[in-house]
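This report refers to the structure that appears directly beneath it.
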Amino acid sequence: MNPAHIEHIGIAVRNLESAIGFYERILGLKCHKIEEVADQKVRVAFFRIGQTSVELLEPTDNDSPVARFIEKRGEGMHHLAFAVEDIEKKLDEAGRKGIRLIDKVPRRGADGKDIAFIHPESTGGVLIELCEKRNGK
Ligand code: ZN
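Heads up, the sequence shown stops at 137 in our numbering, and the numbers go up one at a time, no gaps.
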């Protein structure tokens, strides 16, 4: 898949405001954006560290995937996102190699990106997201 870099690390939190407080007051990072992604029923806060972001995810609904994750495993690391080019082609290739995909075609994620998830069953237990910056699409 040749990822260019780690685009972001997704962290599931129960309460966005209190999590933002930790990242700002203790780590000294600045939250530069808060966005609601209706499709995934989450509110997302972004902190940039070099090329990589920390993405805090707060569920907005009890039946969202992130809410179910927190219920099962508690708060914490949720997924790892790689920046890729030509995301459709990368998904296609992975699918043909027998990798189990959650998203066979990319969908719209937060922060102007096209995203797709790969099932942890095929990745040694890590939920991996591929993402590509939309350029005027
Ligand atoms: Zn993500």
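Every residue gets a Cβ at the ideal spot worked out from N, C-alpha and C, and that includes glycine.
Model, not experiment: these values are computed from the prediction.
Beta carbon of E75 nearer than 7 angstroms to that of R14: Looking up residue 75 in the sequence shown gives position 75. Looking up residue 14 in the sequence shown gives position 14. In this structure, R14 lies closer than 7 angstroms to E75 by Cβ.
The region 122–130 in contact with the region 77–84 per 3-pair CB rule at 8 angstroms: yes
Segment contact flag, the region 10–25 with the region 54–64, C-beta cutoff 8 angstroms, min 3 pairs: yes
Inter-residue spacing [alpha-carbon to alpha-carbon] between E121 and K97: The residue given as residue 121 occupies position 121 in the sequence shown. The residue given as residue 97 occupies position 97 in the sequence shown. Each residue's alpha carbon lies about 14 angstroms from the other.
N62 versus N135: straight-line alpha-carbon distance, rounded: Taking the first residue of the sequence shown as position 1, residue 62 is located at position 62. Taking the first residue of the sequence shown as position 1, residue 135 is located at position 135. Those two C-alpha atoms are separated by around 33 angstroms.
Beta-carbon proximity list for K133, same chain, < 7 angstroms, skipping 5 on both sides: For the purposes of this step, residue 133 is taken as residue 133 along the sequence shown, with counting starting at 1. Closer than 7 angstroms at the Cβ level, and outside the excluded window around K133, lie G112, K113.
Cα-Cα separation, P106 to I11: Residue mapping note: residue 106 aligns to position 106 of the sequence shown, counting from 1. Residue mapping note: residue 11 aligns to position 11 of the sequence shown, counting from 1. Roughly 21 angstroms separates the two Cα atoms.
Residues that DSSP places opposite T123 in a beta bridge: Within the sequence shown, the letter at position 123 stands for residue 123. None; T123 has no bridge partner.
Where I181 falls, given that 16 or more other Cβ within 10 Å makes a residue buried: Only positions 1 to 137 of the chain appear in the structure, and residue 181 is not among them; the question remains open.
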